[in-house]
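Per UniProt numbering, the sequence shown starts with residue 1, numbered consecutively.
Inspection log for the structure reproduced underneath, given as structure tokens.
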Amino acid sequence: MNALTQRRMTAQIEWISVGQLSPPDWDTFPILKASIVFADVARHELFSASGTATARISPHEAARPELCEVEALLPQPLGDYVRSGTQFLVVRGPLCIGVGEITEPGGPTGA
Numbered sequence: 001m002n003a004l005t006q007r008r009m010t011a012q013i014e015w016i017s018v019g020q021l022s023p024p025d026w027d028t029f030p031i032l033k034a035s036i037v038f039a040d041v042a043r044h045e046l047f048s049a050s051g052t053a054t055a056r057i058s059p060h061e062a063a064r065p066e067l068c069e070v071e072a073l074l075p076q077p078l079g080d081y082v083r084s085g086t087q088f089l090v091v092r093g094p095l096c097i098g099v100g101e102i103t104e105p106g107g108p109t110g111a
């Protein structure tokens with residue numbers, strides 16, 4: 001079994017409203033917990049962090065409000081897929097609540 005590595009990356013997310021779900025209110029909920037499903041467009045493959053851990057999504061910084069910080073535990077081989085331009089879905093339960101793209105792949109946090 002592969003060891004899990006915590007990764008921190010920066011992403012731009014387009015939020016989707018579904019029913020009572022809407023874009024997060026960062027003042028009320030400063031951290032959103034959701035699963036993420038990454039897409040490797042070049043290889044036509046999907047991989048999910050949902051089997052390993054819940055992703056934590058929070059605002060990046062006030063100077064760039066369009067960006068979010070994403071933290072997730074990933075097996076090392078899957079972490080190698082994450083680079084600028086990698087696309088992903090943000091899912092909460094059975095619903096897709098956002099579509100994102102990694103802007104800065106960051107790396108392992110050592111946490």
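Here a beta-carbon is modelled for each residue, glycine too, at the ideal position from N, C-alpha and C.
Please tell me whether residue i and residue j are closer than 9 Å, where the distance is taken between their beta carbons.
| i | j | result |
| --- | --- | --- |
| Thr109 | Arg7 | yes |
| Cys96 | Ile13 | no |
Check the C-beta distance from residue i over to residue j and give it rounded, since I have them as a contact under 8 Å.
| i | j | result |
| --- | --- | --- |
| Gly100 | Val91 | That belief does not hold up - the Cβ atoms of Gly100 and Val91 are roughly 11 Å apart, past 8 Å. |
| residue 113 | Leu74 | Because the chain spans 1 through 111 in this model, residue 113 falls outside it and cannot be assessed. |
Alpha carbons only, please: which of the options is nearest the one belonging to residue i?
| i | options | result |
| --- | --- | --- |
| Ile36 | Pro105, Gly107, Phe88 | Phe88 |
| Ala3 | Thr86, His44, Ala42, Leu78 | Leu78 |
| Gly98 | Ala72, Met9, Asp27, Ala34 | Ala34 |
Would you call residue i buried or exposed, if buried means 16 or more other Cβ atoms sit within 10 Å of its Cβ?
| i | result |
| --- | --- |
| Leu46 | exposed |
| Glu61 | exposed |
| Ile57 | buried |
Please list the terminal residues of the continuous beta strand (DSSP E) segment that includes residue i.
| i | result |
| --- | --- |
| Ala11 | 4-15 |
| Glu61 | Where Glu61 is concerned, there is no enclosing beta strand (DSSP E), given that its DSSP letter is neither H nor E. |
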